[in-house]
Amino acid sequence: MKRFLQKYQLSHYGFHFFFLVLALSIFGVLVIKSATDGSVDEGIYLKQIMGIGVGIGVMVIVSLIDYHIWLKGFVLIYLLNLVLLVATLFLGKEVGGATRWIVLPVVGQIQPSEFSKLAIVLFFAALFARFKDVISSPVTILISGACAAVPLILILKQPDLSTTIVCFLVIASMLFLAGINYKWILGAFGVVAAGAGAMIYFVFNPEHFPFPDYQLNRILSWIYPDQYPGLVYQQLNSVMAIGSGMLRGKGLNTTTFESVKNGNFLSEAQTDFIFAIIGEELGFVGSCAVIILLAVLIYCCFMAARRAKDTAGKLIAGGIGALLAFQSFVNIGVATFLLPNTGIPLPFVSYGVSSVLSSFIAVGLVLNVGLQRRAS
Numbered sequence: 026m027k028r029f030l031q032k033y034q035l036s037h038y039g040f041h042f043f044f045l046v047l048a049l050s051i052f053g054v055l056v057i058k059s060a061t062d063g064s065v066d067e068g069i070y071l072k073q074i075m076g077i078g079v080g081i082g083v084m085v086i087v088s089l090i091d092y093h094i095w096l097k098g099f100v101l102i103y104l105l106n107l108v109l110l111v112a113t114l115f116l117g118k119e120v121g122g123a124t125r126w127i128v129l130p131v132v133g134q135i136q137p138s139e140f141s142k143l144a145i146v147l148f149f150a151a152l153f154a155r156f157k158d159v160i161s162s163p164v165t166i167l168i169s170g171a172c173a174a175v176p177l178i179l180i181l182k183q184p185d186l187s188t189t190i191v192c193f194l195v196i197a198s199m200l201f202l203a204g205i206n207y208k209w210i211l212g213a214f215g216v217v218a219a220g221a222g223a224m225i226y227f228v229f230n231p232e233h234f235p236f237p238d239y240q241l242n243r244i245l246s247w248i249y250p251d252q253y254p255g256l257v258y259q260q261l262n263s264v265m266a267i268g269s270g271m272l273r274g275k276g277l278n279t280t281t282f283e284s285v286k287n288g289n290f291l292s293e294a295q296t297d298f299i300f301a302i303i304g305e306e307l308g309f310v311g312s313c314a315v316i317i318l319l320a321v322l323i324y325c326c327f328m329a330a331r332r333a334k335d336t337a338g339k340l341i342a343g344g345i346g347a348l349l350a351f352q353s354f355v356n357i358g359v360a361t362f363l364l365p366n367t368g369i370p371l372p373f374v375s376y377g378v379s380s381v382l383s384s385f386i387a388v389g390l391v392l393n394v395g396l397q398r399r400a401s
C-alpha cells in the first residue's frame with residue numbers, strides 16, 4: 026500500500042472537490058430532514074448521513090486507484106451492468122408503477138440504473154479512447170450505437186425515460202469530447218430536430234404515441250396545465266413553494282401554516298422535488314448557493330478533463346461532468362416547471378443512498394484523473 030501511494034503527493038489531491046461535495050451533501054441532509062419531519066419518512070436523513078459517510082470513504086479509495094485499471098475491465102463492467110439491469114426487470118421491486126430497485130444479499134436494496142450511469146461512462150471512455158483515430162468512421166458509430174442501445178433499452182423498460190435520456194446525452198457529449206467529425210454533430214442536430222417534430226406530431230395525434238400513456242400525459246400537462254390540473258399540481262405547487270421563499274426563505278424546519286411543504290402539497294419532496302424545499306425554506310439565496318456549488322463542481326470536472334494526460338482520462342472526467350450537469354438541469358428544470366415532470370435526483374442533495382454512492386464514486390474517478398496527470 027505504501028508503495029502504491031508513493032506516486033501521489035498530497036498537494037496534488039483535489040481537495041476543492043471534497044469541499045464542494047461535502048457542502049452539497051450537508052445542504053441535502055438539512056433539507057431532507059426538514060422535508061420529512063412529521064411524515065412517515067421521518068428519520069431517513071440518518072440513512073442519508075450513513076450513505077454520505079460510506080460514500081466519502083469509497084470516493085477516497087476510488088480516487089487512489091489508477092483509472093486505467095477500471096478501463097482494462099471495461100467489457101466486464103459493461104456485462105455486469107447488463108446483468109443488473111436484466112435482473113431488475115425480472116426480480117426487481119415495483120414502486121409507483123416502476124421496477125427500478127433490486128434487493129441484493131448483504132448489500133440490501135439498490136437502484137442499478139444509478140450505477141449504470143457510471144458503467145456507461147467507463148465503458149464508452151475505454152471504447153472511444155481505443156477508437157480515437159477512427160472515431161468518426163461509420164463502423165465506430167455503428168458499434169457505439171449498438172453498445173449504447175442495449176443498456177438504454179433496459180433502463181427504458183423499467184420504465185425510466187429520464188435516466189435513459191440523460192445517459193444518451195452523456196454518451197453524445199463523450200463522442201463530442203472524443204473529437205467526432207462535425208458532420209456527425211450536424212446529423213445529431215438533425216435527429217434532435219426530427220425528434221422534436223415527432224413529439225409535436227404526437228401531441229396533436231396522441232393515439233399514435235409509442236410510449237405509455239402516462240408519459241404523454243406528463244408532456245400534455247406541461248404544455249396545457251389548465252387542462253390537466255390533476256397531473257400538473259405537483260409542479261405548480263413546487264413553483265409556488267419556490268416563489269413563496271422569496272429572498273431568504275422561511276427557514277429550515279419551518280412550522281408556518283402557509284408552508285407548501287407543511288400542507289403536504291408536495292409528494293417525494295425529499296427526492297425529485299428537493300429543490301422546491303430549498304427554495305421555500307432557504308429562499309433565493311439558498312437556491313443560488315446550491316446552483317453555484319453544482320456549477321463549480323461541474324466546471325471543475327471539465328477542467329480536469331481538459332488537463333487529463335490522455336484521451337481516456339479526458340472522457341471519464343468530461344463524461345462525469347456532463348452527467349452531473351444534465352441531472353442537475355433536469356431536476357431543477359422539473360421543480361421550476363421548465364421541463365415536464367420526470368423523476369431524477371439532484372446530485373448529492375436528493376435523498377437516495379444509491380444516488381449518493383454513485384455520485385461519490387463518480388467524483389472519486391475525476392479526482393484520480395487529476396492525480397494521474399502529475400503522478401510520479
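Everything in the sequence shown is counted per the numbering used here, starting at 26 for the first residue and increasing by one. Backbone N, C-alpha and C fix where the C-beta goes; we use that ideal spot for every residue, glycine too.
Environment of residue i [buried if 16+ CB atoms lie within 10 Å]
{"i": "residue 378", "result": "buried"}
{"i": "residue 356", "result": "buried"}
{"i": "residue 31", "result": "The predicted model places residue 31 with a pLDDT of 49, which falls under 50 and marks its position as unreliable; any figure quoted below should be read in that light. Exposed, because fewer than 16 other Cβ atoms sit within 10 Å of the Cβ of residue 31."}
{"i": "residue 86", "result": "exposed"}
{"i": "residue 239", "result": "exposed"}
{"i": "residue 393", "result": "buried"}
{"i": "residue 174", "result": "exposed"}
{"i": "residue 286", "result": "buried"}
{"i": "residue 64", "result": "exposed"}
{"i": "residue 187", "result": "buried"}
{"i": "residue 373", "result": "buried"}
{"i": "residue 375", "result": "buried"}
{"i": "residue 221", "result": "exposed"}
{"i": "residue 364", "result": "buried"}
Contact check, residue i vs residue j, beta carbons under 8 Å
{"i": "residue 302", "j": "residue 59", "result": "yes"}
{"i": "residue 116", "j": "residue 33", "result": "no"}
{"i": "residue 69", "j": "residue 252", "result": "no"}
{"i": "residue 196", "j": "residue 145", "result": "yes"}
{"i": "residue 391", "j": "residue 329", "result": "yes"}
{"i": "residue 388", "j": "residue 44", "result": "no"}
{"i": "residue 333", "j": "residue 339", "result": "yes"}
{"i": "residue 284", "j": "residue 305", "result": "yes"}
{"i": "residue 150", "j": "residue 344", "result": "yes"}
{"i": "residue 322", "j": "residue 46", "result": "yes"}
{"i": "residue 123", "j": "residue 184", "result": "yes"}
{"i": "residue 97", "j": "residue 336", "result": "no"}
CB-CB length for residue i against residue j, believed under 8 Å
{"i": "residue 309", "j": "residue 270", "result": "7 Å"}
{"i": "residue 107", "j": "residue 179", "result": "7 Å"}
{"i": "residue 244", "j": "residue 228", "result": "7 Å"}
{"i": "residue 367", "j": "residue 264", "result": "About 16 Å; that fails the 8 Å criterion."}
{"i": "residue 191", "j": "residue 369", "result": "7 Å"}
{"i": "residue 134", "j": "residue 128", "result": "5 Å"}
Extent of the continuous beta strand (DSSP E) to which residue i belongs
{"i": "residue 123", "result": "123–129"}
{"i": "residue 118", "result": "118–120"}
{"i": "residue 134", "result": "133–135"}
Limits of the alpha helix (DSSP H) - the one that residue i falls within
{"i": "residue 83", "result": "69–88"}
{"i": "residue 39", "result": "Premise fails: residue 39 is in no alpha helix (DSSP H) and is neither H nor E."}
{"i": "residue 397", "result": "378–398"}
Residue of the options minimising C-alpha distance to residue i
{"i": "residue 182", "options": "111, 79, 327 and 90", "result": "111"}
{"i": "residue 318", "options": "129, 291 and 52", "result": "52"}
{"i": "residue 164", "options": "205, 231 and 246", "result": "205"}
{"i": "residue 94", "options": "148, 254 and 119", "result": "148"}
{"i": "residue 326", "options": "135, 395 and 123", "result": "395"}
{"i": "residue 140", "options": "208, 105 and 130", "result": "105"}
{"i": "residue 56", "options": "250, 241, 297 and 352", "result": "297"}
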